[in-house]
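What follows is a single structure, written as C-alpha cells, with notes after it.
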Amino acid sequence: MNRTSMEEKAVSEDASVAGALIMEHKLIERMIRVLSRETAAGQNGETIAVGLLAAGVDFFNVYADRCHHAKEDNILFRELGRKPLSPEHKKVLDELTGERHERRILLDALLAADERRKAHGPRENAPVVDALKAMCKFYRAHIEKADNHFLPSAMSYLSREEEALILDKFRRLDSILLKENCSRQVEYFE
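Under the numbering used here, read the sequence shown as residues 3 to 192, first letter to last.
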C-alpha cells in the first residue's frame, strides 16, 4: 500500500479512531523528516530553504493544529474526558493536552527566528536551525507518547457506537478543512 493509500484509509469506513490518528502522526513524522534534513543542511552552513520553511509552518498551523489536534482535543479527548479514566490514562491525557501550549511556543520561536534570518541574512541561520531541531524533537516525543502510551489502550473506554460517531466527526472536519483550503487557494489567485 503506498503512502497516499495508507493516509486515505486513515479515516475510511473500516478505520479505528486510534488508527486514524496514528496514520496522521505518520504524515507529521514525514514532515519532521523533511525538516530534519533541512536542519542538517543548515548546520552544515547551507541556506535553509525559505519556501520549505514557510510550507512547514503552514503544515503545522493547518494540518497539525486545525486538523489533527482538533480531532484529538476537540473530539476524542473531550469524549475521553467524560469517561472514568485510570490515573495513568488521565495523566497521559493531561500531558498530551498540555503539550499544545509548548508546541505553540516552539512554533512562535521558529517564526521569530525566521523573521530575524530574513532581515539579517544567512548569518542568522543558527537560531532557525535550533528552533527546527526543537520542533522536531518535540513532535517525535509527543507522537511516541500518543502512539505507544495512550491511543491504543485508551480506545477501551469507547463503545463501537462512540468510536463510529467520532470517526464520522473526523470525516466531517476533514471535509470542512479541505473546502477551506481549496477556497483559500482560489482566493490567492483571484
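Idealized CB from N, CA, C, for every residue including glycine.
- In this model, MET33 and GLY58 are separated by some 7 Å (Cα to Cα).
- Within a 10 Å sphere around the beta-carbon of PHE191 sit fewer than 16 other beta-carbons, which makes this residue exposed.
- By a beta-carbon distance limit of 8 Å, GLU81 contacts GLU164. Their separation comes to about 7 Å.
- When secondary structure is reduced to three states using DSSP, LEU87 falls in the coil class, being assigned neither helix nor strand.
- Put simply, the backbone Cα of ILE24 is about 23 Å away from that of ARG39.
- Here the alpha carbons of ILE30 and ALA42 stand approximately 18 Å from one another.
- With 16 or more neighbouring CB atoms inside 10 Å of its own CB, LYS73 falls in the buried class.
- Taken atom to atom, the span from the alpha-carbon of ALA128 to that of GLN45 is near 7 Å.
- For PRO129, the enclosing alpha helix (DSSP H) covers residues 127-151.
- In the three-state DSSP reduction, ILE107 falls in the helix class (H, G or I).
- Around the C-beta of ILE50, 16 or more other C-beta atoms lie within 10 Å, and the residue is accordingly described as buried.
- Rounded to whole angstroms, the Cβ separation of VAL64 and ASN183 is 7 Å, and the two are in contact under 8 Å.
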